[in-house]
Amino acid sequence: MTSGNPQVRRRRQCGPKTRTGCQTCKIRRVKCDEAKPSCNRCISTGRKCDGYLDLSNPALGHGLNGTLVVRPMSQIPGSTQEKRGFSHFVKKTSPELEGFYSSGFWDALLLQASHAEPALKHAVIAISSLHEDFAGRSLGPLAGKEDKFPFALNQYTKAIGHLRRSLASGKQAPLTALMSCILFVCFDSFRGYYQTAMVHLQSGMRILRDLRAQSAPLDPLIEETIAPLLLRLGLQSILYIDTSNPQDRVAFATELTQAVPQNKPVPETFNSLEEARASMNECCDGLFRLFYLCDGAIPMGFQSEETRGMHEEYSIRLQEWNVAFEKFMGVHSQTFTSKQVRGAALVKIHHTVVRIMCDMTPSVADLRPMEEATNAPNDFLKFTDDFRIIINLCRSLITAAEADTKAGKPTLTFSTDLGVIGPLYYVGIKCRSHQIKREAMDLLKRCPRKEGMWDSDTAVNLISQFWEIEERQRFLQNQHSDEVNIPTPLNEVVDLIFYEGGEWQWVWKELVPTDERTRAGRLCRTPTPVSIYSRDSPP
Numbered sequence: 001m002t003s004g005n006p007q008v009r010r011r012r013q014c015g016p017k018t019r020t021g022c023q024t025c026k027i028r029r030v031k032c033d034e035a036k037p038s039c040n041r042c043i044s045t046g047r048k049c050d051g052y053l054d055l056s057n058p059a060l061g062h063g064l065n066g067t068l069v070v071r072p073m074s075q076i077p078g079s080t081q082e083k084r085g086f087s088h089f090v091k092k093t094s095p096e097l098e099g100f101y102s103s104g105f106w107d108a109l110l111l112q113a114s115h116a117e118p119a120l121k122h123a124v125i126a127i128s129s130l131h132e133d134f135a136g137r138s139l140g141p142l143a144g145k146e147d148k149f150p151f152a153l154n155q156y157t158k159a160i161g162h163l164r165r166s167l168a169s170g171k172q173a174p175l176t177a178l179m180s181c182i183l184f185v186c187f188d189s190f191r192g193y194y195q196t197a198m199v200h201l202q203s204g205m206r207i208l209r210d211l212r213a214q215s216a217p218l219d220p221l222i223e224e225t226i227a228p229l230l231l232r233l234g235l236q237s238i239l240y241i242d243t244s245n246p247q248d249r250v251a252f253a254t255e256l257t258q259a260v261p262q263n264k265p266v267p268e269t270f271n272s273l274e275e276a277r278a279s280m281n282e283c284c285d286g287l288f289r290l291f292y293l294c295d296g297a298i299p300m301g302f303q304s305e306e307t308r309g310m311h312e313e314y315s316i317r318l319q320e321w322n323v324a325f326e327k328f329m330g331v332h333s334q335t336f337t338s339k340q341v342r343g344a345a346l347v348k349i350h351h352t353v354v355r356i357m358c359d360m361t362p363s364v365a366d367l368r369p370m371e372e373a374t375n376a377p378n379d380f381l382k383f384t385d386d387f388r389i390i391i392n393l394c395r396s397l398i399t400a401a402e403a404d405t406k407a408g409k410p411t412l413t414f415s416t417d418l419g420v421i422g423p424l425y426y427v428g429i430k431c432r433s434h435q436i437k438r439e440a441m442d443l444l445k446r447c448p449r450k451e452g453m454w455d456s457d458t459a460v461n462l463i464s465q466f467w468e469i470e471e472r473q474r475f476l477q478n479q480h481s482d483e484v485n486i487p488t489p490l491n492e493v494v495d496l497i498f499y500e501g502g503e504w505q506w507v508w509k510e511l512v513p514t515d516e517r518t519r520a521g522r523l524c525r526t527p528t529p530v531s532i533y534s535r536d537s538p539p
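In terms of full-length UniProt numbering, the sequence shown has 236 at position 236, counting the first letter as 1, and numbering is strictly consecutive.
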């Protein structure tokens, strides 16, 4: 302001408030231009437009003037304990589940719909109760501990009962059914009931598949918020799916294919961190479906033309994603909030892990069976630098979380999505550098977390026992050194098996030389377990 000029006090012009803007602009309290499907104001500032709530949907409570109703907690029907549980979800659980990104599901859409739908309300309270239990550091499998959280199970049972009655009446909105499936998946994943969680997940995928088969366009809320969340839940279940039989893996890959739209191109650059994350997840989805569809007993060159084409396609897309992400970071990273910096680090971690998996997929010239080639220990030596990148980025996130705890700030340790546990587990199992593997283990011990089907306590135990099994395998291999000169891949002699309740077992198979494999300089296994390593019975 030039000296001598009087200071002019600007007055805000008054006028009617818009009730139909996008959710992002409403949260920011700025005027929305209401462009569809995404408003220009969000796009121009590099934000993700979270779209527009469908006020005509019966799942969302609304008043006479069309404005969304945010009822006080005291007006939520239910007992005092239920009201308290819902309040805990709003204040503490929802921000954690939303994580480093802004999907609008946990902190907006779900909270609104829960006022109108009893199934959603009771499911929300059930998850909130488990979150409180986790806040007391109750990690690991919950089998046999049901008496410690009867209120959560009671709310879960009520939610399922309300949904069943609503479905039986034929009046259940697809949006509410999909949201219920998501909440049930999360609840059962958190308590270690993975098979039940997968039943709910596949139910949601079938609903989505049936909606896509209809001629009418898909509800934007379902397309832009619900479908990506179902995809992320599918991706975080990879460890469970990977231990299933081949038929179940193929069936799950088929479910993903039918439920998720394919072949969305990777843009030259991204407009937001959320867009980069969604594109990354689509790449992951394609590669995981490839892994599930492959026959592990035959070489890559003998796989179907479809699977070979998928590998080539998603290899290229991963490269394109990295170029687009680097451009995006070059333009926007300087303006990132602390939350966005952490979200960018996490998506880069996931990209690095998936790229290693992709690069480990053998070429058509490799005559080894797929399962052997993708698990050959020495082949991972060339990825040591990539494993170091994963470790460094995970350390930055864990260190930041520890700093938040010391400062009295809430930390994100309870999530429905893949976070750092899966990547650190992968490093601990696959990396050939003992130093890097040990660092992965130390980081897991520093971060008590639940991330859907993953928890840090279980990951630590899985890795430590896997290391012991590796030592046992080397010992057995040395015993047969006169007969055998080619190491037997560990996947041929041990299986990881999960049970309901979060319990797991390493099943060691009996090693016997056979004429055919001995001629090839190898050992093979019979299908009869000779010893079982579990949490309570280490090898």
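From the three backbone atoms N, C-alpha and C, an ideal C-beta is built for every residue, glycine too. The structure displayed is predicted, hence computed values, not measured ones.
Cβ-Cβ distance between residue i and residue j below 9 Å
i: residue 323; j: residue 268; result: yes
i: residue 544; j: residue 450; result: The displayed coordinates of the chain run from 1 to 539. Any statement about residue 544 would go beyond what the structure contains.
i: residue 160; j: residue 178; result: no
i: residue 352; j: residue 386; result: yes
i: residue 162; j: residue 185; result: no
i: residue 357; j: residue 252; result: no
i: residue 469; j: residue 440; result: no
i: residue 294; j: residue 321; result: no
i: residue 381; j: residue 432; result: yes
i: residue 99; j: residue 412; result: yes
i: residue 383; j: residue 360; result: yes
i: residue 391; j: residue 427; result: yes
i: residue 211; j: residue 218; result: yes
i: residue 89; j: residue 452; result: no
i: residue 127; j: residue 167; result: no
Where residue i falls, given that 16 or more other Cβ within 10 Å makes a residue buried
i: residue 309; result: exposed
i: residue 410; result: exposed
i: residue 331; result: exposed
i: residue 364; result: exposed
i: residue 516; result: The predicted position of residue 516 is uncertain, since its pLDDT is 38 and thus under 50; a value taken from the coordinates is nonetheless stated next. Counting Cβ neighbours within 10 Å, residue 516 comes out exposed, since fewer than 16 surround it.
i: residue 180; result: buried
i: residue 423; result: buried
i: residue 377; result: exposed
i: residue 305; result: exposed
i: residue 214; result: exposed
i: residue 21; result: buried
i: residue 478; result: exposed
i: residue 434; result: exposed
i: residue 47; result: buried
i: residue 403; result: exposed
i: residue 165; result: exposed
i: residue 225; result: buried
Near the ligand FAD: residue i beta-carbon under 8 Å from a heavy atom
i: residue 422; result: This structure does not include the ligand FAD; it has no bound ligands of any sort.
Contacting residues, own chain, Cβ-Cβ under 6 Å from residue i (five flanking each side not counted)
i: residue 362; result: 300 and 373
i: residue 504; result: 498
i: residue 255; result: 202 and 205
i: residue 131; result: 93 and 414
i: residue 196; result: 188
i: residue 76; result: 83 and 86
i: residue 119; result: 159, 162, 163 and 180
i: residue 430; result: 380
i: residue 316; result: none
i: residue 237; result: 453
Residues sharing a beta bridge with residue i, DSSP
i: residue 496; result: 506
i: residue 454; result: 451
i: residue 414; result: 450
Residues near residue i in its chain [Cβ-Cβ closer than 8 Å; skip 5 each side]
i: residue 79; result: none
i: residue 277; result: 101, 343 and 347
i: residue 314; result: 283, 286, 287, 290 and 358
i: residue 460; result: 441, 444 and 445
i: residue 338; result: 400
Cβ neighbours of residue i in the same chain (closer than 7 Å, five flanking residues each side left out)
i: residue 397; result: 342, 345, 346 and 420
i: residue 129; result: 85, 149, 151, 152 and 155
i: residue 232; result: 281 and 417
i: residue 368; result: 299 and 362
i: residue 14; result: Below a pLDDT of 50, predicted positions are generally treated as unreliable, and residue 14, at 40, falls in that range; no measurement from the model is reported.
i: residue 328; result: 269, 270 and 276
i: residue 366; result: 299, 300 and 373
i: residue 134; result: 414 and 450
i: residue 388; result: 436
Contiguous alpha helix (DSSP H) assignments of at least 4 residues, all confined to the region 181–247 = 194–213, 227–236 and 238–242, all fully within the region 181–247.
Kindly provide the ranges of any alpha helix (DSSP H) runs that are 4 or more residues long and lie completely inside the region 371–438, ordered along the chain.
-> 384–406 and 421–430
Runs of beta strand (DSSP E) lying entirely within the region 245–302, each at least 3 residues, in chain order = none
Can you list the beta strand (DSSP E) stretches of 3 or more residues lying completely in the region 329–361, in chain order?
-> none
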